[in-house]
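So the sequence shown is numbered by UniProt numbering: it starts at 1 and just counts up by one.
No residue lacks a Cβ here, since even glycine has one placed at the ideal position from N, Cα and C.
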Amino acid sequence: MLDTLLPILIFSALALAVIGAVRRIRLWRQGRPARVDLLRGLAAMPRRYLVDLHHVVARDKVMSHTHVATAGGFVAAAVLMILVHGLGLANPILGGLLLLASAAMFAGSLFVAKRRRNPPARLSKGPWMRLPKSLMAFSLSVFLLTLPTLGVLPEGTGSGILALALAAVLVWGLGEMFFGMTWGGPMKHAFAGALHLAFHRRPERFGEGNRSTGLKALKLDDPWAPLGVETPSDFTWNQLLGFDACVQCGRCEAVCPAFAAGQPLNPKKLIQDMVVGMAGGSDAHYAGSPYPGKPVGEHVGTPHGPIVARQGTALVDAETLWSCTTCRACVEECPMMIEHVDAIVDMRRFLTLEHGNTPGKGAEVLDNLIATDNPGGFDPGSRMHWAADLNLPLMRDVGEAEVLLWLGDGVFDMRNQRTLRALVKVLRAAEVDFAVLGNEERDSGDVARRLGDEATFQSLAKRNIATLSQYRFRRIVTCDPHSFHVLKNEYGELGGVYEVRHHSTYLAELFEAGRLHFAPWKGGSVTYHDPCYLGRYNGEYEAPRNVLKALGIEVAEMQRSGFRSRCCGGGGGAPITDIPGKQRIPDMRMNDVKETGAELVAVGCPQCTAMLEGVVDASAEVRDIAELVADALMERPAHSGHDSTRTSQPVAETRPVVKEVTP
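Structure (structure tokens):
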């Protein structure tokens, strides 16, 4: 009886899965066109899954091993089950492999069950709570049904009732594993996730050490190109595919600074809301943590309806989008490699460019950028007043320099002027040939772009590129990670390709080249705060620590440091939009500092300095790395131009990378 029944069950489940897959693909294809290399993407999918994705999953060793057992066991068991029980290709080798695969899957499902017994708050509940039982049902039924095919149990063992019971359990497992994979359910991520890896919006992310963090430019000269995203169908089809790949593990939720601060943002729910909008419906069936302060069940959407409504209900409230600091912690932690920040900025672009709907001081800042080339609205001619006594060389006078020092809009802030003066002191001590643009420098456009004003960003960027094209230099150095990121990763799409260094990286290079000498550190304990736009956006974690080590400082690391560093709350225009929560993000970060017992927190970003120094009753002093280096400077030994204990090689020289650009 089972010989007849099993093939019917298996191929019926496969047929329903195929129908569901076609239906799911139609949902994704509602999005805008996106060019992908289908064959290359499919060919790269195994490596992206086994290497790139598992590099993220492996941060939790227990769950990594569990995933290998359950996912690997399922894929192997499903294929072998079709061969052995569906096509009747039963032999000792295939049958033995099927037993091993289903046993591995069952073992993994036991760990999943243990995880779900008392799940962390970040995990979605609801239908996800039945997943361990479904995994067990599939793996155990396949295992038992395979035993007679190998002669381990005689054919016809047990009664027909037992055989039917096993078949019923298999139907349960097939329903979750095959049917649910494409029709919607806890296993949906397996189908969508595999294709998402193949057709990822940022294929350049994959590969050892690769990064792709720059926002993609809008085609402002194309009258038919949308200005941001208004409806779910305005996303590209592979973005919708990426949203559908969400496994609802909540890793993004656990690291989101806005969610922790009680602001109305949960990146996991935001992605699920986009899935709801893609398919049409409400968020009433969402089984995870809501946006803080916002009940579930009050948001509805359709593929072609507005995501954020000016009146009435919609998928998302505007303040949810404006709560994001664009720190990229969610993207860094996502095991499915979903691009949350891209989606948020795409939606902000529509609100800003089409509706002019930027909260807080957003509109004022954008007006200032248009009128004065800086967000504070200061007189552009006063950009160099802070350095009146420094006699800084100007590019328009010298024409060429080894280093172009990009000052950033910190020149208008008295606190950051101290950092800039310290950096100038260090560069002169190292005898670096540098110059500045002076009043020719404009805002890099970072804050305009994060607030969704792509037009102002591109205007500022193109004018800066035109200015830079007039001069020759080997590299740009800046103490602002936001300017560093934009100049390095986002100007290239507009024609400006440069070699850019953060000042901590350059200071580390100068020390290694023997061009800097320091007195021993005599201060107290020090911790270091990783800026988001230096660390997660650009992968620079070691250089700042190497500089501190060179100063004789042993860093007392915070629990959340490196790629898991907590945001200071200063990115993405968050201080400008100022969405209220239950607590302030910089207060939480200074609590992290306090837990280390450090007397001083070293930083490498003017935004981080401002946010952390703004904490009331802070337990530690905040100082930029350049200030610490400037205070520790010693004269070079008289007998040599460099320290004989270090390499005498000069700082790495590279070809000039200035390009001619038509503004």
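Does DSSP put residue i in a helix, a strand or coil?
i           : result
residue 171 : helix
residue 409 : helix
residue 404 : strand
residue 51  : helix
residue 32  : strand
residue 162 : helix
residue 372 : helix
residue 236 : strand
residue 83  : helix
residue 289 : coil
residue 536 : coil
residue 495 : coil
residue 357 : coil
residue 277 : helix
residue 109 : helix
residue 591 : helix
residue 19  : helix
residue 89  : coil
residue 72  : helix
residue 584 : coil
residue 181 : helix
Residue range of the beta strand (DSSP E) that residue i falls in?
i           : result
residue 378 : Looking at the DSSP string, residue 378 is not in any beta strand (DSSP E), and its letter there is neither H nor E.
residue 475 : 472-478
residue 500 : 500-502
Starting from the Cα of residue i, find the closest Cα among the options and give me that residue.
i           : options            : result
residue 492 : 478, 479, 458, 512 : 458
residue 133 : 93, 7, 177         : 177
residue 630 : 589, 456, 425, 40  : 425
residue 537 : 572, 77, 285, 350  : 572
residue 196 : 172, 22, 246, 420  : 246
residue 434 : 477, 234, 68, 79   : 477
residue 409 : 183, 445, 431, 41  : 445
residue 344 : 383, 404, 243      : 243
residue 374 : 349, 389, 411, 401 : 411
residue 366 : 96, 185, 449       : 449
residue 524 : 460, 473, 623      : 623
residue 89  : 348, 181, 149, 514 : 149
residue 248 : 185, 259, 213, 294 : 185
residue 240 : 216, 320, 339, 74  : 339
Who are the Cβ neighbours of residue i in its own chain at under 7 Å, not counting the five residues just before and after it?
i           : result
residue 106 : 136, 139, 140, 143
residue 306 : 230, 231, 314
residue 678 : Because the chain spans 1 through 663 in this model, residue 678 falls outside it and cannot be assessed.
residue 22  : none
residue 661 : With a pLDDT of only 37 at residue 661, under the threshold of 50, the placement of this residue in the model should not be trusted; the figure read from the coordinates follows. For residue 661, where only same-chain residues beyond five positions count, the Cβ hits under 7 Å are 465, 466, 469, 495, 496.
residue 13  : 174, 178, 179
CB-CB under 8 Å to residue i, same chain, minus the five flanking residues each way: which ones, in chain order?
i           : result
residue 595 : 558, 559
Got a sec, what are the start and stop residues for the alpha helix (DSSP H) residue i sits in?
i           : result
residue 221 : Looking at the DSSP string, residue 221 is not in any alpha helix (DSSP H), and its letter there is neither H nor E.
residue 308 : Segment: none, residue 308 is in no alpha helix (DSSP H) and carries neither H nor E.
residue 204 : First-last for residue 204: undefined, no H or E at that position.
residue 542 : 542-550
residue 332 : 329-333
residue 418 : 414-429
residue 322 : 318-322
residue 450 : 446-450
residue 464 : 454-468
residue 252 : 251-255
residue 481 : 481-485
residue 142 : 131-146
residue 126 : Run containing residue 126: none; DSSP gives neither H nor E here.
residue 191 : 188-198
Can you pull the DSSP bridge partners for residue i?
i           : result
residue 600 : 526, 621
residue 42  : DSSP, once it has assigned bridges, lists no residue as partnering residue 42.
residue 394 : 436
residue 231 : Looking at the DSSP assignment, residue 231 forms no beta bridge with any residue, so it has no partner.
residue 300 : 282
residue 555 : 526
residue 97  : According to DSSP, residue 97 bridges with nothing at all.
residue 243 : Looking at the DSSP assignment, residue 243 forms no beta bridge with any residue, so it has no partner.
residue 518 : 633
Excluding five sequence neighbours on each side, which residues of the same chain lie with their C-beta closer than 6 Å to the C-beta of residue i?
i           : result
residue 413 : none
residue 577 : 322, 359, 360, 362
residue 440 : 467
residue 618 : 590
residue 30  : 233, 303
residue 19  : none
residue 326 : 341, 450, 571, 572
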